[in-house]
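For what it's worth, this note's numbering labels the leading residue of the sequence shown as 110, then goes sequentially.
Glycine is no exception: its CB is placed at the ideal position from the N, C-alpha and C atoms.
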Amino acid sequence: MKRVRIAELAWPVYAQRVEAGAPVLIPVGALEQHGPHMSMNPDVLLPTAIAERVAERIGGLVAPAIAYGYKSQQKSGGGNHMPGTTSLDGLTVTSIIRDVLKELARHGVRKAVLVNGHYENSAFITEGVDLALRELRWDGIHDFRCIILSYWDFIGQQTIDEIYQGDFPGWAVEHGGVLETALMLHLHPDLVDMSLVQDHRPAEFPPYDFFPIKPEWTPPSGCLSSAKRATAAHGQLILDVCVQGISAALATAFD
Ligand code: ZN
Ligand code: MN
110 MKRVRIAELA
120 WPVYAQRVEA
130 GAPVLIPVGA
140 LEQHGPHMSM
150 NPDVLLPTAI
160 AERVAERIGG
170 LVAPAIAYGY
180 KSQQKSGGGN
190 HMPGTTSLDG
200 LTVTSIIRDV
210 LKELARHGVR
220 KAVLVNGHYE
230 NSAFITEGVD
240 LALRELRWDG
250 IHDFRCIILS
260 YWDFIGQQTI
270 DEIYQGDFPG
280 WAVEHGGVLE
290 TALMLHLHPD
300 LVDMSLVQDH
310 RPAEFPPYDF
320 FPIKPEWTPP
330 SGCLSSAKRA
340 TAAHGQLILD
350 VCVQGISAAL
360 ATAFD
């Protein structure tokens with residue numbers, strides 16, 4: 110099988126794959142606490158694993174993941190006050206996305222896919238893409254195209270029903286919960302310790318954000334719901350659904 114990680118290719122091999130029209134997938138993650146039972150890098154490892162499998166299927170390449178992301182928000186990531194969570198300003202995320210895309214375009218890449226693994230990045234990825242496309246137009250490049258996606262948007266109701274058996278708490282409180290833990294159990298079991306899962310009810314928040322944040326809103330575990338029912342088998346199922354869905358989408362989206 111062809112190597113897909115750009116960083117592991119020699120430049121002439123990379124240049125030739127780009128010349129042949131390979132799309133480039135860029136995982137965008139975060140360094141963020143994910144509870145006492147799991148490492149702090151699921152938001153990097155999960156979109157990377159998905160991007161690599163998709164790239165193998167569609168003849169794409171995978172750029173090194175962006176390992177830091179926008180500030181963890183209390184109602185989606187536990188909050189940026191938690192130890193270990195190490196975040197960038199929105200302007201920085203935007204600039205990294207813009208700069209990387211413009212470099213890829215300079216190499217001749219014309220199809221890029223931002224594979225997001227950290228909810229809070231979304232708006233800043235969009236802004237980085239918009240600025241890159243605008244500046245590339247100023248440079249006379251009009252055929253550079255981008256797709257922005259978050260992998261969990263490819264998990265359909267059928268999969269949710271199968272895993273949660275009617276107890277789905279909603280994506281908003283899945284931080285450090287079943288979804289990410291199941292995927293990590295399948296892909297990186299050495300980075301998960303299920304004996305340390307704190308089994309608590311999903312976090313409940315008022316319908317507004319408050320700043321400075323009220324730390325007591327975040328469950329002491331740092332997770333927004335319990336990972337107790339996560340299994341490696343569920344992780345495999347979620348991975349397959351995401352890889353298939355994203356591969357199918359990319360096969361037609363650029364045409
Ligand atoms: Zn996460
Ligand atoms: Mn996150």
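### Message
What does the alpha-carbon distance come out to for the pair Thr203 and Lys211?
### Response
12 angstroms
- [ ] Can you give me the start and stop residues for the beta strand (DSSP E) that Leu220 sits inside?
- [x] Leu is not the amino acid found at residue 220; the sequence shown has Lys there. Per DSSP, Lys220 belongs to the beta strand (DSSP E) from Lys220 to Asn225.
Exercise for the section: Name the one or two DSSP bridge partners that Cys255 has. Expected result: Ala221
Query raised in the report: Considering Val202, what are the terminal residues of the alpha helix (DSSP H) in which it resides?
Result: Gly199 to His216
- Residue from Val301, Pro329 and Leu134 whose Cα sits closest to the Cα of Ala174: Leu134
Exercise. Buried or exposed for Gln142, please, with buried defined as at least 16 other CB atoms from any protein chain shown within 10 angstroms of its CB.
Key: buried
Is the CB-CB distance between Ile234 and Ile272 below 8 angstroms? no
List the DSSP bridge partners of Thr195.
Leu140
Which of helix, strand or coil does DSSP assign to Tyr179? strand
Discussion item. For the alpha helix (DSSP H) containing Thr340, name the first residue and the last one.
Written reply: It is not in any alpha helix (DSSP H) - Thr340 carries neither H nor E in the DSSP assignment.
Status (buried if at least 16 other CB within 10 Å, exposed otherwise) for Val122: exposed
Excluding sequence positions up to five away, which residues of its chain have a Cβ less than 6 angstroms from the Cβ of Arg338?
Val287
- prompt: Cβ atoms of Lys184 and Ala281: under 8 angstroms apart, would you say?
  reply: yes
Range of the contiguous alpha helix (DSSP H) that encloses Val287:
Val287 to Leu296
- Burial state of Glu117, where buried means 16 or more other Cβ atoms lie within 10 Å: exposed
Based on the DSSP secondary-structure assignment, which residues constitute the bridge partners of Leu170?
Val133
Exercise. Between the C-alpha atoms of Leu292 and Pro136, what's the straight-line distance to the nearest angstrom?
Worked result: 16 angstroms
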